[in-house]
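Everything below concerns the one structure shown next.
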Amino acid sequence: MVRRRGLEEPAADERDLGPPADPGSVARTILLNKLTGQARSRHELAEALEAKHVPPDVATAALDRFEEVGMIDDQAFAVAWVESRQSTRGLSRRALAFELRRKGVADDVILDSVDAIDPERERALARDLVDRRLRSTRRLDRQSRFRRLTAALARKGYPAGLCAAVVRAAIAADERASGASGAGELDEVVREDFGVD
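Numbering (this note's numbering), first residue to last: 1 to 197.
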């Protein structure tokens, strides 16, 4: 920036910044900006307004109005979140419910959205996750393979019984395809680690 002689920038406290912004307008702008990129829960949006120091009564009024016109809908948000996260990340019902709880979605809405998940689809997703990792474990012994693959599923929130069943079936199929054996040893690992027969 080129300065001219005799002209100095006014001090920060002397600048005319115009009239103070209307809190309602600020709240609407924040909400619109947050909702532009992706859907969000009411709780997430309330936190964003609080972080920007929007007065609580103004924030509540803005959130209520956005909910009235359908721009905020926790039910639709939860359904879309479950569909997206399950297909892209392969997360289980439990993991999805945990994520939605962290986003401030009500428990009844969470139950409705995760109950819509087909148990067979969840099992198929678990099998797909195992299939993707199965080849990389071929050099390991059966117990290590089993533990590593079940741990991968457990980190995605799948229940122990489902983890054990899916991994046992995947390893057995892989061993049959490669001509190896040892299902009895694998069954013993399953009984010891998971109490599953």
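Backbone N, C-alpha and C define an ideal beta-carbon position, used for all residues, glycine too.
Opening and closing residue of the alpha helix (DSSP H) in which residue i lies
i, result
"Ala-21", "That residue, Ala-21, is in no alpha helix (DSSP H); it is neither H nor E in DSSP."
"Gln-143", "142–155"
"Arg-102", "93–102"
Residue from the options whose Cα sits closest to the Cα of residue i
i, options, result
"Ala-80", "Leu-31, Tyr-158, Val-114", "Val-114"
"Asp-174", "Arg-139, Arg-155, Asp-73", "Arg-139"
"Arg-89", "Phe-66, Ala-126, Asp-73, Glu-67", "Ala-126"
"Arg-155", "Arg-94, Ala-170, Arg-142", "Arg-94"
"Glu-122", "Arg-147, Arg-85, Ser-136", "Arg-85"
"Asp-118", "Glu-99, Ser-92, Val-109", "Ser-92"
"Glu-120", "Ile-72, Ala-46, Ala-51, Leu-162", "Leu-162"
"Leu-202", "Asp-141, Arg-142, Val-166, Ser-144", "Summary: the structure shown does not reach residue 202, with the chain confined to residues 1 through 197, and so no result is reported for it."
"Arg-135", "Tyr-158, Asp-112, Ser-178", "Ser-178"
"Glu-67", "Leu-96, Arg-40, Pro-55, Val-82", "Arg-40"
For residue i, the three-state DSSP class (helix, strand or coil)
i, result
"Ala-80", "helix"
"Gly-70", "coil"
"His-53", "coil"
"Ala-39", "coil"
"Ile-117", "coil"
"Arg-133", "helix"
"Val-105", "coil"
Counted within 10 angstroms of its Cβ, other Cβ atoms place residue i as buried (16 or more) or exposed
i, result
"Leu-32", "exposed"
"Val-69", "exposed"
"Asp-74", "buried"
Check: On the three-pair Cβ rule with 8 Å, is the region 61–76 touching the region 22–34?
Finding: yes
Note to self: Can you confirm whether the region 99–107 touches the region 69–79 when touching is taken to mean that 3 or more C-beta pairs between the two stretches lie within less than 8 Å?
What the structure shows: yes
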